[in-house]
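In the numbering used here, the protein residues as written are -4 to 342. Ideal placement from N, C-alpha and C gives every residue a C-beta, glycine not left out.
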């Protein structure tokens, strides 16, 4: 159906329009092979299985993620296979390895993309930046995308709670004439609340910008800046953390999620309203040039190349742990660990 978002009309698929029963019918003869059991793999695979689809998992043997898959109920030799055997068995191959992992595994996956199969992504990176990744699918397969707007952990949690996480969907290549039904059925099957239409390029550029911006990079930077200013002016770690992070994540953002920013403003004190209305535009004006610089870096492919170069190095995991440890050991997040323990639900 077409829905208006502000003044712009977009294509959206809802569960009412494309119910689970229809999705099962569309995919009744398919074997969905989920490659990778790291970030998105567990949530999507388990949701599909619980929704009644024929799902197998492909993962490297003798790895922590193989053991995790076994612990989640996947049975070696029945529903859990090494990556190549899963590719052979699957009619839909969900390519859910990391971007660097996809580059490394592509020659093997391509070998098993026989006519009529579908290649499924949850990120447009590999195909969009094909000059850098080498991922060029054959012409006689469907190339489709379902990108949940959240982590695999959130996708699974919301599914278990009976809720749905919204997702985008895209068709890069319709090699069989069935790509639209396949991608929508898969989107409903993995637990999407609704699906909005995009393309591979728009998905990856918005995703890379969001991850580096308000979703992760910018929010940590803003947290750190406010926390440091409060500490420099004599506020205690607990006070600085509560005013910077805890109140936002535990109180205010749920109100935004419920009914929007204006509604959250209307349900705060008049003093908070006045301050927020006076200061949001200066923050916008100060940060917009950084976002423009960020988007340009994404659009020109610089961010993609940085990711490929960094994530493909053998010592990537070790260097990542050093960078994460810097965050974990900072006073702000040490204070956060104590504050979380004090929440009533944890006592």
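9 Å or more divides the Cβ of residue 98 from the Cβ of residue 27. For residue 51, the enclosing beta strand (DSSP E) covers residues 50 to 53.
Between residue 327 and residue 240, the C-beta spacing is below 9 Å. Distance from the CA atom of residue 63 to the CA atom of residue 216, rounded to whole angstroms, is 33 Å. Distance check between residue 174 and each of 268, 111, 280, 104 places 111 closest, using alpha-carbon atoms only.
Distance between residue 53 and residue 274, taken at the CA atoms: about 50 Å. Around the beta carbon of residue 102, fewer than 16 other beta carbons sit within 10 angstroms, so the residue counts as exposed.
Taken atom to atom, the span from the alpha-carbon of residue 137 to that of residue 148 is near 27 Å. Between the stretch 64 to 84 and the stretch 10 to 17 there are fewer than three C-beta pairs closer than 8 Å, too few to call the two in contact. Note that the C-beta distance between residue 187 and residue 161 is below 9 Å. Judged by beta-carbon spacing, residue 247 lies within the 9 Å limit of residue 263, meaning their Cβ atoms are closer than that value. Taking every protein chain shown into account, the CB of residue 257 has fewer than 16 other CB atoms within 10 angstroms, so this residue is exposed.
Runs of the alpha helix (DSSP H) lying entirely within the stretch 116 to 187 and spanning at least 4 residues, in chain order: 120 to 123, 125 to 128, 147 to 155, 174 to 184.
Counting of Cβ neighbours within 10 angstroms places residue 150 among the buried residues, the total reaching 16 or more. When rounded, the separation of the alpha-carbon atoms in residue -2 and residue 164 is 16 Å.
The count of Cβ pairs closer than 8 Å, one atom from the stretch 278 to 291 and one from the stretch 204 to 220, reaches three, so the stretches are in contact.
Rounded to whole angstroms, the separation of the alpha carbons of residue 265 and residue 100 is 56 Å. By the Cβ-count criterion, residue 93 is buried, with 16 or more other Cβ atoms from all chains shown falling within 10 Å of its own Cβ. Where residue 8 is concerned, there is no enclosing alpha helix (DSSP H), although the beta strand (DSSP E) around it starts and stops at 3 to 9. A residue is called buried when at least 16 other Cβ atoms come within 10 angstroms of its Cβ; residue 322 does not meet this threshold and is exposed.
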